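Below is one structure, written out as structure tokens, with a few remarks after it.
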Amino acid sequence: MLKSLEISGFKSFARKEELEFKTPISAIVGPNGSGKSNVAEAFRFVLGEQSLKSMRGKRGEDLIFSGSKNERSSNRAGVKVVFDNSRRFLNIDYDEVTIERVVHRDSVNQYFINKSQVRLKDILELLAGANIGASGHHIISQGEADRILIVNPKERRGMIEEALGLRIYQYKILESEKKLKKVEENIKSVASLRREIKPHLNFLLKQVKKIEKSLELKEELKSLYKEYFKREDEYLRYQKEYISKNKKPLTERISELGELLLGAEEVLNKENKNEENKEISNLENKLNDIRSRKSDLERKIGQLEGMITFEERRLEREKQRQDQNEENEENRVIKFKEVKKFADSLKGQLNEDSGSSLSDFIKKIKEIIDNFISQNLQSEETSPARDLDDKELNKLKEEKKGLDEEMKNFLSEEKIVVADFEKVKSEIESEKDTSRKAEVRIFEIKAQKSEINSKLNSLKNLEDKIDIEDENYKRELKEAFVLAGRDSIQFFDFEISLEEVINEDRNKQEERRRIIERIKIKLEDMGGGSSEEIMKEYKEVQERDEFLEKEILDLDKSATSLNELIAELKEKLDLEFKEGIEKINVQFNSFFATMFGGGRAELFSVKAQKRKKAEDIDDFAVATSAEEYNEEEEQQEQDGIDINVALPNKKTKGLQMLSGGERSLTSIALIFAMSQINPPPFIILDETDAALDEANSRRYGDMIENLSKYSQLILITHNRETMARAGLLYGITMGGDGVSRLLSVELDEAVKVAK
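Okay, so the sequence shown: first residue is 12 according to the numbering used here, each after it adds one.
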């Protein structure tokens with residue numbers, strides 16, 4: 012129930028004025044221009060009206076008392092309305108609810124509920140639940156009685172929805188649509204943010220994949236390193252032990268062989284200095300000389316024997332010719348003599364030369380024989396043949412025999428020399444055997460030394476190779492530590508037998524190294540960079556993207572929920588609206604028949620173009636100006652409401668054919684019908700009865716009395732019949748200072764004034 016209205020600085024009410032509404036019907040009367048209608052506008056103002064045009068203003072300061080000759084202007088305008096909420100028709104847990112609105116000259120608006128500052132939205136929602144609004148069927152300003160008849164079907168539908176108490180659905184739909192719009196904007200905004208970070212996220216993802224691949228390669232590298240290093244460590248350790256183990260005995264053996272070689276060389280040098288070498292050389296020379304002379308003597312004797320043989324044959328032939336030729340006989344004798352002489356000569360020569368060398372002796376024999384032959388030949392050529400007898404020939408033979416003995420002597424001497432030579436030679440050979448043994452020993456020692464040196468060289472080459480491999484191994488350990496971390500060189504727990512390492516072909520280890528090198532190249536190609544920073548940044552961007560994705564999902568769910576809620580609200584609105592229209596039509600038809608003494612009236616649905624306001628409920632909550640909002644409108648097809656009337660005893664159908672009075676009665680009938688279906692707590696009627704004649708005024712009075720059973724009525728009127736129905740009259744006057752003043756009149760006095 013409406014208890015009071017307090018006005019201060021609002022339009023013509025310069026001073027604070029309070030109207031108390033103690034009766035079901037209160038009337039506000041006064042001359043034109045006194046400010047009666049400002050009371051209705053004060054109600055609109057305090058209940059949240061935002062259209063300055065509906066309050067006959069252009070700017071917020073137009074609502075503030077501007078001053079006069081005797082009254083200073085106000086800096087603010089305030090209106091306060093008090094409700095009795097003992098029945099909790101307002102959804103707030105107070106028995107009395109005060110709603111206040113203040114506007115300042117800077118157009119800043121303030122809203123209060125029970126002295127607590129709130130948003131406009133809070134007031135609108137609170138009032139909407141009680142079927143109260145800043146405009147609509149329960150506040151009919153001056154000249155707006157037939158507004159419900161002249162508005163378009165969509166606006167008429169809105170007025171009827173408000174009368175039916177369905178405005179709350181519209182607020183909720185508008186609020187939900189606003190939220191939906193914000194959600195959709197947020198979805199676009201979040202999607203835009205995702206699109207913005209997507210390229211960077213993709214870039215980071217590629218980097219992360221490279222890092223992950225790098226980590227995989229590093230893990231693979233760690234595994235390869237452990238086996239590689241374990242094998243290499245075992246191999247190098249084995250080789251070093253092998254070299255150390257084999258090098259020392261070989262070095263010691265080389266030293267021993269060196270000492271043995273020195274001993275053998277001393278023996279060999281000692282043998283080479285022995286004097287017997289000279290003796291054997293002399294004997295060899297002597298023996299060679301004897302053998303040479305013996306050979307010459309043998310050759311000479313052989314020649315002599317041949318000559319003797321020749322001569323014997325020739326003497327034989329001479330003997331055969333002796334009988335025939337004495338001369339020949341004589342010649343043969345001569346020859347034998349010559350031979351004898353020659354033999355004697357030889358014998359003499361031999362005796363003479365016995366002390367001389369055999370060679371000289373042989374030469375002399377040769378000369379004697381040559382002389383003999385020459386003389387014999389000459390003798391044969393110059394003298395007749397001589398005869399030689401057998402005695403001389405035998406003597407010659409004897410001489411030859413002597414020569415043979417001499418040859419035996421040579422042979423005996425040769426034998427002695429040979430024996431001496433062989434003895435010395437045997438001694439020398441014995442010594443040579445010792446030398447040869449020494450030489451063989453030296454050769455064997457040198458061979459062993461060469462073999463050992465070869466082994467040592469092999470070991471040295473192996474040692475050099477192992478040293479290089481060991482350096483490479485240490486370098487690879489450092490590289491592994493840098494590339495794959497400390498774990499990569501912690502290979503001691505890797506189980507593998509030394510036998511397996513030793514027996515394995517080194518090419519396999521080299522193949523492992525090549526695989527490691529290929530992985531290292533891949534890692535180098537992937538580049539370095541701070542993987543931790545990239546992973547951290549990727550995680551942050553990914554979390555941001557996931558958050559945005561979740562936001563979009565949540566927003567999509569919210570959008571879905573809001574769409575479902577809007578659909579549900581619209582469905583409820585449509586259902587209750589249809590039911591309400593049916594109920595209104597019953598009352599409308601009844602009130603219409605009452606007003607016109609018959610006839611018929613009804614509301615029906617039509618398709619209309621809805622102009623959807625772009626502003627939302629939150630805009631009201633933060634409103635800082637009482638100026639009319641600029642509205643961006645969107646055309647949308649929606650059901651509207653039109654009116655069809657049929658006057659009694661007339662063929663007139665349709666509102667456009669009604670007169671002004673008929674239109675006024677029709678609008679009153681519709682307003683009352685709407686109020687009857689869902690009675691608001693109060694109704695304000697500003698001179699809606701101005702065009703009624705006396706008979707209709709009585710009908711009007713009857714209807715408002717009936718309506719007052721359901722709603723509290725505040726009537727601004729000049730109509731006496733209407734005044735007579737009021738239990739309380741407020742008179743509004745205005746003096747020369749332009750300030751409205753308030754007078755109250757009780758019912759009895761009002762009756763007198765009316766009469």
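Cβ coordinates follow ideal geometry from the N, Cα and C atoms, glycine included. Remember, predicted model here, so these are calculated numbers, not experimental data.
Would you list, in sequence order, the uninterrupted alpha helix (DSSP H) runs of no fewer than 4 residues that lie entirely inside the region 72-107? none
Residue environment, I715, which counts as buried when at least 16 other CB atoms sit within 10 Å: Taking the sequence shown and counting its residues from 1, the one referred to as residue 715 is at position 704. Its Cβ being crowded by 16 or more others within 10 Å, I715 is buried.
According to DSSP, what are the bridge partners of G651? Translated into positions along the sequence shown, residue 651 becomes position 640. Beta-bridge pairing links G651 to V617.
Nonlocal neighbours in the same chain, by C-beta distance under 7 Å from V428, ignoring five residues either side: On the sequence shown, residue 428 is found 417 positions in, with the first residue counted as 1. So the qualifying residues of the chain are L294, K297, L298 and I301.
L271 beta carbon less than 9 Å from that of R452: Looking up residue 452 in the sequence shown gives position 441. Looking up residue 271 in the sequence shown gives position 260. Against a cut-off of 9 Å, the Cβ pair of L271 and R452 comes out as a contact.
Taking L138 as the reference, which of R178, G610 and K330 has the closest Cα? For the purposes of this step, residue 138 is taken as the residue at position 127 of the sequence shown. Among R178, G610 and K330, the Cα nearest to that of L138 belongs to R178.
Does the Cβ of D516 have 16 or more other Cβ atoms within 10 Å, making it buried, or fewer, making it exposed? Stepping through the sequence shown from its first residue, residue 516 is reached at position 505. So D516 ends up on the exposed side.
Please classify Y721: does DSSP put it in a helix, a strand, or coil? For this step, residue 721 is matched to residue 710 along the sequence shown. It is coil, neither helix nor strand.
Around the C-beta of Y105, are 16 or more other C-beta atoms found within 10 angstroms, so that it is buried, or is it exposed? Taking the sequence shown and counting its residues from 1, the one referred to as residue 105 is at position 94. The residue is exposed, with fewer than 16 neighbouring Cβ atoms inside 10 Å.
Cβ neighbours of V617 in the same chain (closer than 6 Å, five flanking residues each side left out): Here residue 617 refers to the residue found at position 606 when the sequence shown is read from its first residue. The residues are P164, G651 and D653.
Three-state secondary structure (DSSP) at S23? Residue 23 sits at position 12 when you count from the first residue of the sequence shown. It is coil, neither helix nor strand.
Residues near D556 by beta carbon distance below 8 Å, same chain, minus five either side: Taking the sequence shown and counting its residues from 1, the one referred to as residue 556 is at position 545. Only R205, I208, K209 and L212 meet the Cβ criterion.
Count the other C-beta atoms from every protein chain shown that fall within 10 angstroms of the C-beta of K229, then say buried if there are 16 or more, exposed otherwise. The residue you call residue 229 lines up with position 218 of the sequence shown. By the neighbour-count rule (16 or more Cβ atoms within 10 Å), K229 is buried.
Can you name the start and end residues of the alpha helix (DSSP H) that F123 belongs to? As a first step, residue 123 is located in the sequence shown; it is residue number 112 there, counting from the start. Here F123 belongs to no alpha helix (DSSP H); instead the beta strand (DSSP E) covers N120 to I124.
State the beta-bridge partners of E31 as determined by DSSP. Taking the sequence shown and counting its residues from 1, the one referred to as residue 31 is at position 20. In DSSP, E31 forms a bridge with S15.
Same chain, Cβ closer than 8 Å to K224, neighbours up to 5 away in sequence not counted: Your numbering for residue 224 matches position 213 in the sequence shown. Around K224: M537.
Looking only at its chain, what residues have a beta carbon closer than 8 Å to the beta carbon of Y721, apart from the 5 residues adjacent to it on each side? Stepping through the sequence shown from its first residue, residue 721 is reached at position 710. Excluding positions up to five away in sequence, the list reads S686, Q687 and P690.
From K69 to E732, what distance separates their C-alpha atoms? As a position in the sequence shown, residue 69 is number 58, starting the count at 1. As a position in the sequence shown, residue 732 is number 721, starting the count at 1. If I take the Cα positions, the gap works out to 36 Å.
Is the beta carbon of A680 sitting closer than 9 Å to the one on F603? Sequence index remark: in the sequence shown, residue 680 carries index 669 (1-based). Sequence index remark: in the sequence shown, residue 603 carries index 592 (1-based). Cβ distance < 9 Å, so A680 and F603 count as in contact.
Count the other CB atoms within 10 Å of the CB of K91; is the residue buried (16 or more) or exposed (fewer)? Indexing the sequence shown from 1 puts residue 91 at position 80. Buried, because 16 or more other Cβ atoms sit within 10 Å of the Cβ of K91.
If I545 and L232 are in contact, beta carbons under 8 Å, what's the gap, nearest whole angstrom? Indexing the sequence shown from 1 puts residue 545 at position 534. Indexing the sequence shown from 1 puts residue 232 at position 221. Actually they are not in contact, since the Cβ atoms of I545 and L232 sit about 20 Å apart, beyond 8 Å.
Please look up how many angstroms separate the CB atoms of I143 and P692, rounded, as I've assumed it's under 8 Å. One-based indexing of the sequence shown puts residue 143 at position 132. One-based indexing of the sequence shown puts residue 692 at position 681. The Cβ separation is near 6 Å, so the contact holds.
Just to confirm, are M734 and P42 a CB contact at a threshold of 9 Å? As a first step, residue 734 is located in the sequence shown; it is residue number 723 there, counting from the start. As a first step, residue 42 is located in the sequence shown; it is residue number 31 there, counting from the start. No; because the gap between Cβ atoms is not below 9 Å, this pair is not in contact.
Suppose you measure from the CA of A570 to the CA of V756; what does that come to, to the nearest Å? By one-based count along the sequence shown, residue 570 stands at place 559. By one-based count along the sequence shown, residue 756 stands at place 745. Near 57 Å, if we compare the C-alpha coordinates of V756 and A570.
In chain order, which alpha helix (DSSP H) runs of at least 4 residues are fully inside the region 230-283? none
Quick one: give me the first and last residue of the alpha helix (DSSP H) that F701 is part of. Indexing the sequence shown from 1 puts residue 701 at position 690. Before going on, a small fix: residue 701 reads as Ala here, not Phe. Here A701 belongs to no alpha helix (DSSP H), and DSSP marks it neither H nor E.
Cutoff 6 Å; reference R26; Cβ partners in own chain excluding five residues on either side: Looking up residue 26 in the sequence shown gives position 15. Same-chain partners within the cutoff: there are none.
Report the three-state DSSP secondary structure of A735 (helix, strand or coil). To locate residue 735, count along the sequence shown from 1; it is residue 724. Looking at A735 - three-state DSSP - the assignment turns out to be helix.
With distances taken between CB atoms, is the gap from Y246 to I513 smaller than 9 Å? The sequence position of residue 246 within the sequence shown is 235, counting from 1. The sequence position of residue 513 within the sequence shown is 502, counting from 1. Contact: yes.
Which stretch, first to last residue, makes up the alpha helix (DSSP H) that contains A578? Counting from one through the sequence shown, the residue named residue 578 turns up at place 567. Segment S542 to F607, the alpha helix (DSSP H) holding A578.
Going straight from the alpha carbon of E172 to that of K583, what length do you get? As a working mapping, residue 172 is identified with position 161 in the sequence shown. As a working mapping, residue 583 is identified with position 572 in the sequence shown. Approximately 12 Å between the Cα atoms of the pair.
Pull up the distance between the alpha-carbon of F588 and that of I161, whole angstroms please. As a working note, residue 588 is residue 577 in the sequence shown. As a working note, residue 161 is residue 150 in the sequence shown. In a straight line, the C-alpha of F588 is about 21 Å away from that of I161.
As a quick exercise: from I577, S601, L414 and I134, pick the residue whose alpha carbon is nearest that of K786. No information on residue 786 is available, as it lies outside the stretch 12 to 766 that the chain covers here.
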